[in-house]
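Below is one structure, written out as structure tokens, with a few remarks after it.
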Amino acid sequence: MKRGMPRIGIRKMNSIEVEHFTKKYGDFNAVDDISFTVDEGSVFAFLGPNGAGKSTTINTLCTIQEKTTGALRINGNDVTKDKTLVRKDIGIVFQETTLDGKLTVNENLRLHCDFYKVPKAEVDERIRFVLDLVDIKDWKNAAVDSLSGGLKRRTEIARGLVHFPKVLFLDEPTTGLDPQTRANVWDYINKLQKQKNITIFLTTHYMDEAEICDKVAIIDHGKIVAHDTPYNLKKKYTSTTMKVKTPDPNLLGAYCSEHSMKFLNKDGVVTIFSTDVRAVMEIVSTFKGSIEDIEINKGTLNDVFLAITGKEIRN
Amino acid sequence: MRAIRAILMRNLIKFFRDRMRFIFTLFMSAFFLFVFSFVMKSTAAGLDHPMNYLISGIIIMTVFQTALNNSMNILEDIASGFMKEILVAPIGRWQIAIGQILSSSAIAVLQGIIIVTIGFFMGLTLDPFHCVIMLGLMMLVGICFSSMGLFLAALSKESTTFQIIISIVAMPLTFLSGAYIPTMVMPALLRPIVFLNPLTYTTSVFRYVALHMENLSTPELVKAGVAFDIHGFTIMPYFGAVMVVVIGAIFFALCVNQFGKADFSRVKVFRRGHR
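Line order of the protein sequences matches chains A and B. Here the first sequence stands for residues 1 to 315, numbered as in our numbering. Here the second sequence stands for residues 316 to 590, numbered as in our numbering.
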């Protein structure tokens, strides 16, 4: 579909389609009947606490794990039946380092080009292009083992891109990186996405990274509990977060449960989540005599996450 | 083809880049040669070419051991995480398996060649024709036992398990092959195992070539331990070569199959690198 064409009546291509996907380990449902789609050329964030089923989903989409039931497709190819076609289309940056430490950056990339049948005449140019993109030209001939964590990550991203994938999976690509490198890695990813219009499937622990995505899905206990744009999610789940310090937090807690409002009572500070501004104002006027300190915040994705799963994301 | 060659080249580059390993390989070859030729001198006494007799046994043992042990490569790849990169690439598992088998065979053959070279200085006599045949046999042995090693590695998936399996497999195969202890002196109870052991035939064919036995009669070959008489049915050395091919093919198929269905994604990975 050409850009700028009217969308009315034309179905936008789905890069990733997941229908009723279930993965069982024995009796345990690691992923329990989830369905979602990701539009072509968009950035999709897949969030969830540890053990919620993120890795299982990403591994199944990447063809290294088998589903129990359901259908998963990438660019229309089934991940179980057409493994090779799917593998040609995707690039993956795994959570852990999967580079060959004994080889140089250049050798790792070259090996990758051989695996993905990049035309031989293009190999040198493509390697130059991706090394430029993530700014690691100077380390081209260094052994991977001798590189710092940030450089390894950049090498890994370069490798995930060198065969020009249509869909790029980033499984916590910036975990363990310092803020500066993290910002750089995102610059590279954004630059690339603009240049090549690839679809990005991202899992992350950093909510600020999820904020800039087109769509966010939150998975908990193997089920998708929310799936929308970051804006809509924030609007729906977090109009206001209010932290109140009071001498008798239990009384305020009781008031909140009575009015069926979500709250957390921790260290004498009650955090109240409400989508209704008037209800929040009501609390302030009811307890105004006993409030020692108050902090009212506009919702963030982190709050969305907390409100939905009841957990901090970095648990 | 390109993927197979890429895996082969990668493993060879890594082998040569790891200086310690390369030096140790050389050292081990020389060590085997000196120690075993000393130990086995008494068994070889009275033969026409004692040096050829000894060295042929040692070469075959070295190639066998190296081929089997080199399959450790893939366990290292699993532990370092690199296996994941290979598994998500659009290449068949059989291609990965073949690349691995070819590289460990190549390294094993290289080690064999080193021993032959050292052997020449110690009195080994071979003409070019025999050299070519021996090279072919070494390749055959390399491929046969690399397949076996990779099969066992794909089965065990962990280096500790693999080491145990390898020692359990390698010990009886080595001692019941006739390379160190002549098969004629073994008790009747063990003889069926001797005849099922691919290494038995490998050793006998190798000796047959190394000792220039083309002109010997069948009873003489049986007496020399390179042909086998099983209840009146004689296995000639070249039939033994066919046996090695067959056993090699079986293990090759088993290995490709096992490698194809093994689930490496749930193997515990040591978190190295940026974590």
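We treat Cβ as the ideally placed atom computed from N, Cα and C, and that holds for glycine.
Can you tell me whether residue i is helix, strand or coil according to DSSP?
| i | result |
| --- | --- |
| T203 (chain A) | strand |
| L103 (chain A) | coil |
| Y495 (chain B) | coil |
| M242 (chain A) | strand |
| H112 (chain A) | helix |
| N530 (chain B) | coil |
| E17 (chain A) | strand |
| I64 (chain A) | coil |
| K472 (chain B) | coil |
| R278 (chain A) | helix |
| E172 (chain A) | coil |
| T549 (chain B) | strand |
| E209 (chain A) | helix |
| D27 (chain A) | coil |
| L47 (chain A) | strand |
| V431 (chain B) | helix |
| N384 (chain B) | helix |
| G575 (chain B) | helix |
| A525 (chain B) | helix |
| H221 (chain A) | coil |
| G464 (chain B) | helix |
| D135 (chain A) | coil |
| F273 (chain A) | strand |
| D303 (chain A) | helix |
Do we get a CB-CB distance below 9 Å when we pair residue i with the residues of chain B?
| i | result |
| --- | --- |
| F115 (chain A) | yes |
| L326 (chain A) | One cannot answer for residue 326 (chain A) here, as it falls past the ends of chain A, which runs 1 to 315. |
| E96 (chain A) | yes |
| L168 (chain A) | no |
| T84 (chain A) | yes |
Using a C-beta cutoff of 9 Å, does residue i count as contacting chain A?
| i | result |
| --- | --- |
| M398 (chain B) | yes |
| I496 (chain B) | no |
| R590 (chain B) | Low confidence applies to R590 (chain B): its pLDDT is 32, below 50, so where it sits in the model is not reliable, and the reading given next is rough at best. At least one chain A Cβ lies under 9 Å of R590 (chain B). |
| D392 (chain B) | yes |
| V584 (chain B) | Because V584 (chain B) sits at a pLDDT of 46, beneath the cut-off of 50, its placement in the model cannot be relied upon, and the point is left open. |
Going along chain A in order, which residues have a C-beta closer than 7 Å to the C-beta of residue i?
| i | result |
| --- | --- |
| A318 (chain B) | D114, F115 |
| S395 (chain B) | G101 |
| I406 (chain B) | F115 |
Taking residue i as the query, report the chain B residues whose CB atoms sit under 7 Å from its CB, ordered along the chain.
| i | result |
| --- | --- |
| I92 (chain A) | V403 |
| L323 (chain A) | A question about residue 323 (chain A) goes unanswered here, because the residues of chain A that appear run from 1 up to 315. |
| K88 (chain A) | P405 |
Given a threshold of 16 other Cβ atoms within 10 Å of its Cβ, counted over all protein chains shown, does residue i qualify as buried or as exposed?
| i | result |
| --- | --- |
| L504 (chain B) | exposed |
| G384 (chain B) | Per the sequence presented here, residue 384 (chain B) reads as Asn, with Gly not at that position. Classification of N384 (chain B): buried, given that the 10 Å Cβ count is 16 or more. |
| S260 (chain A) | exposed |
| T475 (chain B) | exposed |
| S532 (chain B) | exposed |
| S492 (chain B) | buried |
| Y231 (chain A) | exposed |
| Y25 (chain A) | exposed |
| G555 (chain B) | buried |
| Q180 (chain A) | exposed |
| H163 (chain A) | buried |
| P49 (chain A) | buried |
| Q95 (chain A) | buried |
| A217 (chain A) | buried |
Taking only beta-carbon positions, decide if residue i is within less than 9 Å of chain D.
| i | result |
| --- | --- |
| E107 (chain A) | Structure shown: chain D not included; protein chains present are A and B. |
Subject >> Residues from the region 458 to 477 of chain B in contact with chain A, defined by Cβ distance under 7 Å >> reply: none
**OP:** Taking a Cβ distance cut-off of 9 Å, strictly less, list which residues of the region 288 to 304 of chain A are near chain B, in chain order.
**Re:** none
Original post:
Using Cβ-Cβ distances below 7 Å, what residues of the region 50 to 71 of chain A are close to chain B?
Top reply: N59, C62, T63, I64, Q65
Subject >> Interfacial residues, the region 191 to 213 of chain A to chain B, with Cβ spacing under 8 Å >> reply: none
Original post:
Relative to chain A, which residues along the region 323 to 347 of chain B have a C-beta separation below 9 Å, given in chain order?
Top reply: M324, R325, I328, K329, R332, D333
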